[in-house]
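Since the structure comes first, as structure tokens, the remarks are kept for the end.
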Amino acid sequence: MADSKDITLKIDDRDVTVPPGTLVIEAARRMGIEVPSFCYFPGLSLQAACRMCLVEVEKAPKLQTACTLVAMPGMIVRTNTQQVHDARKGMLEFLLANHPLDCPVCDKGGECELQDMVFTYGADKSRFAEEKRHQPEQKWSEAVYYDAPRCILCFRCVRVCDEGMDVKALGVGQRGSLSTIIPNGEDHLDCEECGMCIDICPVGALTSGTYRYKTRPWEMTYVSTVCTHCSNGCKTTLSVRNNEILRANNRDLSGFNKDFLCVKGRFGFDFTKHAERVKLPLVRRDGKLAPSSWEDALAEVSRRLAEIHKASGPDAIGFIGSNRTTNEDNYLLGRIARASIGTNNIDHHRTADYASLIAALGPQAAVASATMTQLYEADAVLLIGDDPTEQSPLVAWQIRSAIRHRNARLYIINSKSIKLLRKANGFAEVPAGGESAAVRWLAGGDAQMDSGVAERLAALKGALEKESNVVIVFGAELTGAAVQDLVKFGSSLPGQTRYIALGDYANSRGASDMGLLPGMLPGYAGVGDARARDKFGKLWGAKLPDKLGLDARGMLAAAVNGNLKALYVVGANPVKTFAVPAKDRLGKLDLLIVQDLFLTETAQLADIVLPAAAAYEKNGTMTNTAGEVQLVRKGGDVMGTRSDFDILRILSHQLAKQGLGPAISLRTPDAAFDEIRQSVAGYGVSMPTLLLGEAERTAPVSTLNGNAKFDVPVGAIFSSHDTLFTSGSLGRYCSTILSLPEAAEEVEVEARP
Amino acid sequence: MNLPPQLETKFQTLETRYPVKRSALIPMLLYAQDQFGYVGDDMIEEIARRLDLKPLQVTETMAYYSMLRRQRAGKFHVQVCTNVSCMLRGGNKLYDFVQKKLEIGHKETTEDGVFSLEEVECLGACTGAPAMQVNYDFYENLTIERTTQIFEALEIGRKPETSTPISGSVKPRHPAEVPVISRLFGVKDSHKLEVYVANDGYKGMERALKELTPEQVVDEVKKSNLRGRGGAGFPTGMKWSFVPKDSPKPKYILCNADESEPGTCKDRPLMEMMPHQLIEGIVIAGRAVNSHQGYIYIRGEYRYVLDIMDSAIAEAYKAGYLGKNILGSGYDFDLVTHTGAGAYECGEESALMESLEGKRGYPRIRPPFPAVVGLYGSPTVINNVETLSSAPEILRRGGEWYAGLGSAKNGGTRVFCISGHVNKPGIYELPMGFSLRKMIEDVAGGMLNGKKLKAVIPGGSSCPLLTADEIDINMDYDSVAKAGSMLGSGGLVVIDEDTCMVDLARRIMHFYAHESCGWCIPCREGTGWLRKMLDRFHSGAGRAEDIPMVSELAKNMLGKTFCPLGDAAAMPTISIVKKWRHEFEEHLTGKCPYKPAEVFAAVR
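Right, here's the structure in full:
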């Protein structure tokens, strides 16, 4: 839609209409005209340093850089003249002068912007007859290597590290033709190790420690999937050769994370080939876990579950699901618990109170949930609790980007001095654990408040009342009634206030949405809701239980006191997460089944261990913490493992043979997602969008219609406070990340009482 | 970190001097280096802490400036200039001699730590060539004998007599000279306030403050036809008029005293001998645009000049020529100096601003221009020392009077520095439009040793060169432009018949390659490539195809670089290949046919 303020200019004899302030390089790109550039990178400050984008502008005496030239009405630009071609050719000749041209062994060969540019615009012969500048390659960390002679000094890395990451670990050393990129530790990097510098490097100057000299880009296939670590849902592209994942990056700028990926997204894939990966089912014989065949193991699982079911009833069996398995996996697990076994004893490690947020928002829930993109588009952000830089790196990136690109304001309520404070316009420091009281105070409720804290909150409230369209981001510090208070306060602010609850892991939201909760069916329908029970009961071919189940802590307690006989754990490590004392060791259980990648503290106690495929090894969908669904696609494959989906599907058939519930006829995750789209409230998303690789937001609804009980028990919802370098139990198998000195520091900090 | 008391005081002053703390970075580094001989890691941490910077921000900034070092230098750091003017007068020989004498090479230190050596670029002593600096002391017109004496004195701990004021600035006046801004050169204590005031000092400022409106001040300067003396020749009055009248931000007057164009050494004596004239000019500029704060950015090598300026500023404050309510006019103006640390590029106005803000001296994207968004993002007038020094007399005697001294559209006089192969190298204030031939043959006393003239650099080493047949021109911006070159900075370098033009092109390219900031590809790579190529060519390994390629590569830089440094490197090169192509062809035989082809020793 053309705005009346839009301006029209002519590029290569064609008119183009663009909003005021548009750069000529962008206007040309909009028309499909490529104006080459190295240093120009959307979202980073302008440089005009590489001089590749020189264009002719009528009435200008010299060629102009299209990357700094603002489109003006009536401007006449030519990008395709002899003069322009000569200039590009000249620049590339200069660039190649000292370039080592070691393309045959360079990691970037085949996907190098310099190669592509020389191919398109460069000269057909080399005239440089002098000695090339040489410098040895430098190892800056296990993750980042620098090869100075290849560097074309576009300074993208320096800018993304400073402007984008707010880390400033890279600088420029020397000057003139001796200029070089330098790391902050003189000869090494001391940073967040996000590797953004590697992805953004147009040539092979910055290379990845995990990938270098491993393969050629054309030998790999590329699989775009969702990062398996935190809850933000970044798209990561896996580069795969022979079923082995060799690299993860986001150079194609797909997903709402665009160019962003943190250290875990980029380097945290090597757990898939960790030596301790369980690759065969294990069954405890004579007190020891011994390898078994899949047939035997699954037969034993179903047989023993059926025995316990028969002897002690369905509620003697419990299920703890995963924060990292797909929506389909979770949906199937819920179905097995409720339809095959007939119990509501199902839960997972809850890290954010999505249920209360959706209930508190009531009919507003869909419109008032902010997406990651809406977070970037916010005029103001209120951040309560959490430390997004460590726990939700994309959220932190979106907030920083909103501030840097759009002058958004940031307000923070926290008990700690988190890194984002550097960017904050307002900060109310509260005592540790004081977030709930602060929110209650903001909502006008009765809250005991230190006068200093009240003063700071009042200032913050005053500032927020002048803002509109605020996005409120909050961590696990707020649960139950505090979330209700928060929504009450948020609703009083001008414009449309939106919310994001920050969970811990890749599918924390999906686990909750799919009903891995003792009191709720998929889509937050209460188990006491007969209509909802009927709906899913019909779909699943069973009568669903209406009795409120045990939550995770309840199940662990029941395992100790003997009321729970069997526990089925999928992709979780409750012994560690819920700090089950060693002496209890779930000893009273008759049967502990663990479906996981590794022999975690919980799996070590198991009677049967089923080796599962990782999220990078299977298909399905995941929902990020903001309620956006994305496709998960299979990259690698580890022989001997099976996807959780397959395991559960087969198990349902085995259980059916034992007379427990109907077998699941859904053959693939895609089929299961079809059913989810039909049956789970809010999940009626558009498939074409997902298939294009984009995210689709869900439209959550609460069937509680505002009649929610907000008495979430203390300790039911809590964060693991992972850092940039940890990732729950999975993080312990990410060798590259663990090898980083910064990760060691983190572990030290963690170890302190 | 505990600092010596003097340094601590200096740091504290610097930390509060600027609206942005980081501005103190480069001076702090240099002063710390003066104290300790280098900047150590703990000092980097200390300065970072004081300025709220990350150590990386300190190290990357520091890496840009050639005077700043992280390794200890000798007690006496000897810096020998081999740039064009010095080279023509035996600078290379001198450098070779010093290397042998000290038994060390470029950037090396003697074992006992007493001496260190560095081959440096133009020191601004062109009319006293060959020259060197020992620490901050200038030694000019050096011969082997004098140099030997200097080292002997230093070795026994005696300070040799230095060459201040700059050689060639104090001498009998040539009758053709029109001393306006150099009128007190040679007068005893000319740098002192009382002497300046006794010679009509601060009268122009008084008129500007008390009798004229800011608009009238601008008009007076417009009428004078004063054009920027830094080299570009932009009309000064017009530049001042671009500053927005209403600005919510403070406005700044920035004096560019980063004189470093090879062949140019006029700002140095202007500040050394008439610092009050510059202060007066800056206040007048301030009045014209309603600014209340000025900075003088002085190249790091001119430390003694900075000290003189500082004393003059202190005198002026004391006497009420600076500060609050100047001369009872109700107008306030504050002025401070700021030291650079070795970077030619910082003479480029926007790079200078970056440098003054404590960063690497990279030029800025324009528009916006400094008049609107300059120092600290505020409207800024930036003028050269000579330009601002011209303002007092324009205001005192009127713009029309000043305009009448020069030629059409080229008002006033120009302080020319004539160096190279002439009998009387020196600094001469001559009317704009003065004949180039007369300048060489008469004013500068004709060719040295009766040799024939081969070439002239008319205004600093970035100008296209003129042949002996092209010197019948008038030295003003328009006439020199018509002749295909530039009036530039007023640094004339006269070159005789025995000089190898390939060698000259090579030396000029060495300078620009050394000084290229590295921001944009064509300048960074182009100057480096051409430097290597011209080295090879001059050493006898040239190929016929190299000759057109030299100018082709230079043309690939020309007009395509981020700032004018690329053009500055390209223009003289193109002109030398075009006008002295036969000399390149003569080199194809395998050796330089010109007399002593001196080896360029520096390893860079």
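Going line by line, the protein sequences match chains A and B.
Going letter by letter, the first sequence gives residues 1 to 753 in our numbering.
Going letter by letter, the second sequence gives residues 1 to 604 in our numbering.
Glycine included, each C-beta is placed from N, C-alpha and C at the ideal position.
Quantities reported herein were computed from a predicted structural model and do not represent experimental measurements.
Length of the line joining the Cα atoms of residue 165 of chain B and residue 53 of chain A: 49 Å
Within 10 angstroms of its Cβ, does residue 296 of chain B collect 16 or more other Cβ (buried), or is it exposed? buried
Taking the straight line between their C-alpha atoms, what separation do you get for residue 493 of chain A and residue 426 of chain A? 16 Å
Got a sec: is the Cβ-Cβ distance from residue 519 of chain B to anything in chain A below 7 Å? yes
Please confirm if residue 529 of chain B has its CB atom under 7 Å from at least one CB of chain A. yes
Any chain A beta carbon closer than 7 Å to residue 63 of chain B: yes
Taking all protein chains shown into account, decide if residue 654 of chain A is buried (16 or more other Cβ within 10 angstroms of its Cβ) or exposed. buried
Listed by chain order, chain B residues near residue 51 of chain A by CB distance under 8 Å: 520, 521, 522, 560, 561, 562
Tell me which same chain residues have a C-beta within less than 8 Å of the C-beta of residue 7 of chain B, skipping the five on either side of it? 31, 32, 35
So what's residue 285 of chain B in DSSP terms, helix, strand or just coil? Residue 285 of chain B carries a helical assignment under DSSP once its states are collapsed to helix, strand and coil.
Alpha helix (DSSP H) segment containing residue 611 of chain B, residue limits: Residue numbering for chain B in the displayed model covers 1 to 604; residue 611 of chain B lies beyond these limits and cannot be assessed.
Residue 284 of chain A lies in the beta strand (DSSP E); which residues open and close that run? 282 to 285
Backbone CA spacing between residue 212 of chain B and residue 199 of chain B [nearest angstrom]: 22 Å
How about residue 274 of chain B and residue 184 of chain B: are their beta carbons less than 7 Å apart? yes
Spell out the partners DSSP gives residue 244 of chain A in its beta bridges. Beta-bridge pairing links residue 244 of chain A to A/241.
From what residue to what residue does the alpha helix (DSSP H) around residue 66 of chain A run? That residue, residue 66 of chain A, is in no alpha helix (DSSP H); it is neither H nor E in DSSP.
Can you tell me where the alpha helix (DSSP H) with residue 566 of chain B in it begins and where it stops? 565 to 579
Just the chain A side, please: which residues come within less than 9 Å of residue 365 of chain B by C-beta, in chain order? 46, 47, 48, 65, 68
Sequence-distant residues of the same chain with beta carbon closer than 7 Å to residue 707 of chain A, five excluded per side: Residue confidence for residue 707 of chain A is low, a pLDDT of 48 falling below 50, so the modelled location carries little weight and cannot support an answer.
Can you find the residues in the same chain that come closer than 7 Å, C-beta to C-beta, to residue 741 of chain A, ignoring five residues on each side of it along the sequence? none
In the DSSP assignment, find the unbroken alpha helix (DSSP H) run with residue 97 of chain B in it and report its ends. 91 to 102
Please classify residue 684 of chain A: is it buried, with 16 or more other beta-carbons within 10 angstroms of its beta-carbon, or exposed? Result: exposed.
Between residue 91 of chain A and chain B, is any beta-carbon pair separated by less than 7 Å? Yes, contact with chain B.
Per-residue DSSP class, three states only, for residue 706 of chain A: Note on residue 706 of chain A: pLDDT 44, under 50, position unreliable in the model; the coordinate value appears next. Residue state, collapsed to three classes: coil.
Please tell me whether residue 180 of chain A and residue 173 of chain A are closer than 7 Å, where the distance is taken between their beta carbons. yes
Could you give the C-beta distance for residue 97 of chain B and residue 47 of chain B, rounded to a whole number, given that I count them as a contact under 8 Å? Contact flag wrong, Cβ pair sits at about 38 Å.
Count the CB pairs spanning the segment 230 to 244 of chain B and the segment 285 to 293 of chain B that are closer than 8 Å, and state whether there are at least three. yes
Any C-beta of chain B sitting closer than 7 Å to the C-beta of residue 642 of chain A? no
Test: residue 462 of chain B CB closer than 7 Å to a CB of chain A: no
Cβ-based neighbour list, residue 299 of chain A, same chain, cut-off 7 Å, excluding 5 preceding and 5 following: 654
In the structure shown, what three-state DSSP assignment does residue 573 of chain A receive? coil
Contact residues within the segment 108 to 139 of chain A, judged by C-beta distance below 9 Å to chain B: 127, 128, 129, 130, 131, 133
Residue environment, residue 427 of chain B, which counts as buried when at least 16 other CB atoms sit within 10 Å: buried
Contacts of residue 177 of chain A in chain B (Cβ-Cβ under 8 Å): 513, 516, 518, 524, 525, 527, 528
Is residue 414 of chain B closer than 7 Å to residue 432 of chain B when the C-beta atoms are compared? yes
Could you tell me which chain B residues have their CB closer than 8 Å to the CB of residue 7 of chain A, listed as they occur along the chain? Within chain B, no residue comes near residue 7 of chain A; the closest Cβ sits about 17 Å away, beyond 8 Å.
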